[in-house]
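For what it's worth, our numbering labels the leading residue of the sequence shown as 6, then goes sequentially.
Ideal placement from N, C-alpha and C gives every residue a C-beta, glycine not left out.
A quick write-up on the structure given underneath.
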Amino acid sequence: MTVLHRTRLVLAALCATLLMGLSVPATNAYVPRATHYHVGGAITLDTNLLSASGASAWAIDEYLSANTPLPPLGAAFMAAEARYGVNARFLLAAALHESGWGTSDIARYKHNLFGYNAYDRDPYRYATAYATYAANINATSKFIKDFYLTPGGRWWGGQPTLRSMQQFWSSSHRWGVSVSGLANSIHLDAFSGSAIRVGTPVVAGRLHGGDRASVQVAWKGSDLPAGVEFAATWTPVALDADVIAAASAGSAAPALGDAASASPTSSPAVPPAPASTVPSAVPPETPSAAPPASIDGFVAATPASTAAAAAGIAAVIASANRPSIALNTTRTHSADHGVTLEVATPRLPGQYRLSLELRDTGGGPLPKAERVQIPRVAVRVWADTSVSIDLAASPDGTGAVVLLTNTGREAIAAQPALDPSGPSDPDSRAFSTLTVTATTADPANPAPVLLLAAPLSADLKPGGSLTFQMPTIEAATGRVGNWLSAALNVPGNAPWVPAYAPVGAWFAAGQLSATVPPDALDATGVALVGPVPPQGSLPSASGGPMPTPMSAPAATPPPTPVPIPTPTAAAPTPEPTTAPVKHGTWLYSEHSTAVSYRGTWRDAGSAGYSGGNATFSTTPGNTATLTFTGSSVTWIGPMGPTRGRALVLIDGHAVATISLWRSGFVPQVALFARTFRSVGRHTLTIAVLSSPGHPYVAIDGFVVRS
């Protein structure tokens, strides 16, 4: 073989080898298996680069600020890790290595930190230019993941490691060693969550829907880095009656958290947590043959309409219970170990839990080791028309003191102007009135007693308060223990009543307690105290709760029963449209099919009535009979200067004569209540008695417990 021939064979072999190298990258068959990365540990040539770094965006920003001319890029590196799974500490080390710590011309003028496409023959000319550093970090991270760290990628070297990558990434065989050494020299600051103890946040002032809440947060221990952000989440606990009013009116309910309709501008949406169950009320009922809807234990004997009404109510409840919405916060003031935040509040009034969370720069979650527990705080968001009522025992222990405060944005009119064109009750021109009622379980003295009916003498301005005294409660009721219920009734404006905050307390031995004593329970465990459901249980004309029903003074001894003629063609008394439920509360309107009437009864309208109407009669001998199954029953109706007397019969036996007369009009009063020792089938009959000059006897509904 000639020398020329041998030379040609050598050249041919070299060309073949070169072509094979260009078409199929050579893989080092001896690349070890990837090792697991431990947060805070070293990155070696064989560390699995598809791992969580445990780094923080704020810590990367502080490191870049102290060691490079680069801007804050921590959020971009952490976003790339979250999006593609590539270790952010490795990405940071590779970027610093390739860019000369951010000083190279390719980095400065082309925002290219990784030298992407910077070929050796003319690096600056061929290097790809990017609009921002963040765009370069995102694109290069995806490129590394797809082509170097994924099996089947063009430059997959057998393992997702630096040893595997350096076969094809760089012309230098020391590239992987250099990057790993740099990664291990990077010190990222961290603060330990156990070293920081955050106190309970303080919410300043009274909040209304759509306000900006000022929240003060203080802590002990380490300093919080400037890059750490706060995120706030409102979780509804008990919304006011506005959502129920929207359902009964057939309108769409406003969305929770719409005070901040736009999503956070500086942080991604927080994964929502399920909101807690929101108490609900049942809308006013009208006669219907449809089965009743049951919501949270309250069962309407006859629902507002057909399945469409039930669906509307269900939709509102679902809206109220949907996951809470995270809102971004704004720092308005910072101090050593303290910060004041400005947080947008939800529009819907009610009770909420405000949860604050420390977030990384950009809004991402902090590493597990750096998370800090912040106590949640209960916050009341008030409606524009709302009041608070506080009960306290009097200094001498014989009575109680009631503090009424206007917590809304509008003044409470002492005598509101009503619509003259609408239907009106003879006594509907009335003052706004604060009432306190005493009820009990004492079978020997069960009559509810109206302790206080105090009209407002002047308009009550926002933030204004009034104090009312109630002396000698025991003497007024003839009972040692009483359940006191307080409410404000503003004619024509039912939402003044605080919806889901029952204003009541047990008064005994000169002390007030929010709990019911054990001896006030019957054998089945049902509370016998307060046969009338607490405030917020009974709906008003607007869909919100009506004021806590009040009662007449103690009944006088019943006279000889007045004979009640039997109707000649009376239809059988219908059963309630729903079967009893244990420990449930039923609200029967005056038009319920469970109520049968004898004689002429007509409707009268008043904004203070449940549903806007009540049924009345002025003819002696006319009767109304409720047939029910339960353990207690309460008759709800008005008192006023045109009201007369009524005879009450239980199961056909006369038990009381009730005087409904009063100098001032009160639209809703617990006129009569009777508690039974067990659940059973009973009838309650109301008979109109002769009352010259004030003949009216009216029914606004019945409350039955079982």
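For the region 64-73 and the region 48-55, state whether three or more C-beta atom pairs, one from each stretch, are separated by less than 8 Å. no
From the DSSP output, in three-state form, read off K115 for me. Here residue 115 corresponds to residue number 110 of the sequence shown, with the count starting at 1. Looking at K115 - three-state DSSP - the assignment turns out to be helix.
Identify which residue in D194, P400 and R686 has its Cα closest to the Cα of G59. Taking the first residue of the sequence shown as position 1, residue 59 is located at position 54. Here the closest residue by C-alpha is D194.
Hey, is the region 388-404 in contact with the region 100-112, meaning 3+ C-beta pairs nearer than 8 Å? no
Tell me whether S146 is buried or exposed, calling it buried when 16 or more other Cβ atoms sit within 10 Å of its Cβ. Numbered from 1 along the sequence shown, position 141 holds the residue referred to as residue 146. Classification for S146: buried.
From the DSSP output, in three-state form, read off G698 for me. Here residue 698 corresponds to residue number 693 of the sequence shown, with the count starting at 1. Note: G698 maps to coil in three-state DSSP.
I need the DSSP call for V182, collapsed to helix, strand or coil. Locating residue 182 in the sequence shown gives position 177, counting from the first residue. In this structure, V182 counts as helix in the three-state DSSP scheme.
For L517 and T690, what's the separation of their Cα atoms in angstroms? Position 512 of the sequence shown, counted from the first residue, corresponds to residue 517. Position 685 of the sequence shown, counted from the first residue, corresponds to residue 690. If you take the alpha carbons of L517 and T690, they lie about 35 Å apart.
Tell whether a beta-carbon distance below 8 Å holds between L409 and L439. Here residue 409 refers to the residue found at position 404 of the sequence shown. Here residue 439 refers to the residue found at position 434 of the sequence shown. Yes, the pair counts as a contact, with Cβ atoms nearer than the cut-off.
Spatial neighbours of T137 within its chain, please: C-beta separation below 8 Å, excluding the five flanking residues on both sides. As a position in the sequence shown, residue 137 is number 132, starting the count at 1. For T137, where only same-chain residues beyond five positions count, the Cβ hits under 8 Å are H116.
May I have the straight-line CA-CA distance separating R686 from A443, to the nearest angstrom? Numbered from 1 along the sequence shown, position 681 holds the residue referred to as residue 686. Numbered from 1 along the sequence shown, position 438 holds the residue referred to as residue 443. Taking the straight line joining both Cα atoms gives about 27 Å.
Neighbourhood of S70 by C-beta, 8 Å cutoff - its chain only, sequence neighbours within 5 removed: The residue labelled residue 70 in the question sits at position 65 within the sequence shown. Taken in chain order, the residues that qualify are P77.
Starting from G724, trace the beta strand (DSSP E) both ways and give me its first and last residue. No information on residue 724 is available, as it lies outside the stretch 6 to 711 that the chain covers here.
Is N72 buried or exposed, if buried means 16 or more other CB atoms sit within 10 Å of its CB? As a position in the sequence shown, residue 72 is number 67, starting the count at 1. When all chains shown are included, N72 counts as exposed.
Assuming A619 contacts A609 under a Cβ cut-off of 8 Å, what Cβ separation, rounded to an integer in Å, is found between them? As a position in the sequence shown, residue 619 is number 614, starting the count at 1. As a position in the sequence shown, residue 609 is number 604, starting the count at 1. Yes, A619 and A609 are in contact; Cβ-Cβ is about 6 Å, under 8 Å.
Please report how far the alpha carbon of G404 lies from the alpha carbon of G698, in whole angstroms. Here residue 404 refers to the residue found at position 399 of the sequence shown. Here residue 698 refers to the residue found at position 693 of the sequence shown. Taking the straight line joining both Cα atoms gives about 35 Å.
Do A419 and L461 have their CB atoms nearer than 8 Å? The residue labelled residue 419 in the question sits at position 414 within the sequence shown. The residue labelled residue 461 in the question sits at position 456 within the sequence shown. Their beta carbons are under 8 Å apart, which means A419 touches L461 by this criterion.
Neighbour-count burial assignment, A449, 16 or more Cβ in a 10 Å radius: On the sequence shown, residue 449 is found 444 positions in, with the first residue counted as 1. Flag for A449 reads exposed.
With 16 as the cutoff for other CB atoms within 10 Å, does S339 come out buried or exposed? Here residue 339 refers to the residue found at position 334 when the sequence shown is read from its first residue. S339 comes out exposed.
My output table needs one value for P372: the three-state DSSP class, helix, strand or coil. Here the question's residue 372 lines up with position 367 in the sequence shown. In the structure shown, P372 sits in coil (DSSP, three-state: anything other than H, G, I, E or B).
Between H192, G210, L694 and D228, which lies nearest to R202 when the distance is taken from Cα to Cα? On the sequence shown, position 197 is the one that residue 202 refers to. Among H192, G210, L694 and D228, the Cα nearest to that of R202 belongs to D228.
Go ahead and pull the three-state DSSP assignment for R710. For the purposes of this step, residue 710 is taken as residue 705 along the sequence shown, with counting starting at 1. Of the three classes helix, strand and coil, the one that applies to R710 here is strand, per DSSP.
Mind checking who V407 pairs with in its DSSP beta bridge? On the sequence shown, residue 407 is found 402 positions in, with the first residue counted as 1. Paired residue(s): L396 and F473.
Determine whether the beta carbon atoms of L359 and F235 lie at a separation below 8 Å. Reading the sequence shown from its first residue, position 354 is the one you call residue 359. Reading the sequence shown from its first residue, position 230 is the one you call residue 235. No, the pair does not count as a contact, with Cβ atoms beyond the cut-off.
How should N122 be labelled, buried or exposed, when 16 other C-beta atoms within 10 angstroms of its C-beta is the threshold for buried? Start at 1 with the first residue of the sequence shown, and residue 122 comes out as number 117. When all chains shown are included, N122 counts as exposed.
Tell me the DSSP secondary structure of I641 in three-state form. In the sequence shown, residue 641 corresponds to position 636, counting from 1. Strand, per DSSP.
Can you tell me which of the three DSSP states V693 falls into? Looking up residue 693 in the sequence shown gives position 688. Three-state DSSP puts V693 in a strand.
With 16 other Cβ atoms within 10 Å as the buried cut-off, status of P643: Counted from its first residue, the sequence shown places residue 643 at position 638. Buried.
Within a Cβ cutoff of 6 Å, which residues of the same chain sit near G90, ignoring the five residues on either side of it in sequence? As a position in the sequence shown, residue 90 is number 85, starting the count at 1. Hits under 6 Å: L55.
With a threshold of 6 Å on Cβ separation, who are the neighbours of R126 within its own chain once the five nearest residues in sequence on each side are excluded? Counting from 1 along the sequence shown, the entry for residue 126 is found at position 121. Nothing meets the Cβ criterion.
Restricting to runs no shorter than 3 residues, where is the beta strand (DSSP E) found entirely within the region 156-214? 201-203 and 207-209
Taking contact to mean 3 or more Cβ pairs, one atom from each stretch, closer than 8 Å, check whether the region 207-223 and the region 371-378 are in contact. no
Look up P628 in the DSSP assignment and say whether it is helix, strand or coil. If you number the sequence shown from 1, residue 628 lands on position 623. For clarity, residue 628 is Thr in the given sequence; the question names Pro instead. In the structure shown, T628 sits in a strand (DSSP, three-state: E or B).
Keeping to the same chain, check which residues put their C-beta closer than 6 Å to that of G530; ignore five residues upstream and five downstream. One-based indexing of the sequence shown puts residue 530 at position 525. Residue placement at G530 cannot be trusted, given a pLDDT of 35 that sits under 50; the coordinates are not used to answer.
Span separating the alpha-carbon of G486 from that of V233: As a position in the sequence shown, residue 486 is number 481, starting the count at 1. As a position in the sequence shown, residue 233 is number 228, starting the count at 1. Roughly 55 Å between the two C-alpha positions.
What do you reckon, are the CB atoms on A383 and Q356 nearer than 8 Å? Sequence index remark: in the sequence shown, residue 383 carries index 378 (1-based). Sequence index remark: in the sequence shown, residue 356 carries index 351 (1-based). A contact, by the Cβ cut-off of 8 Å.
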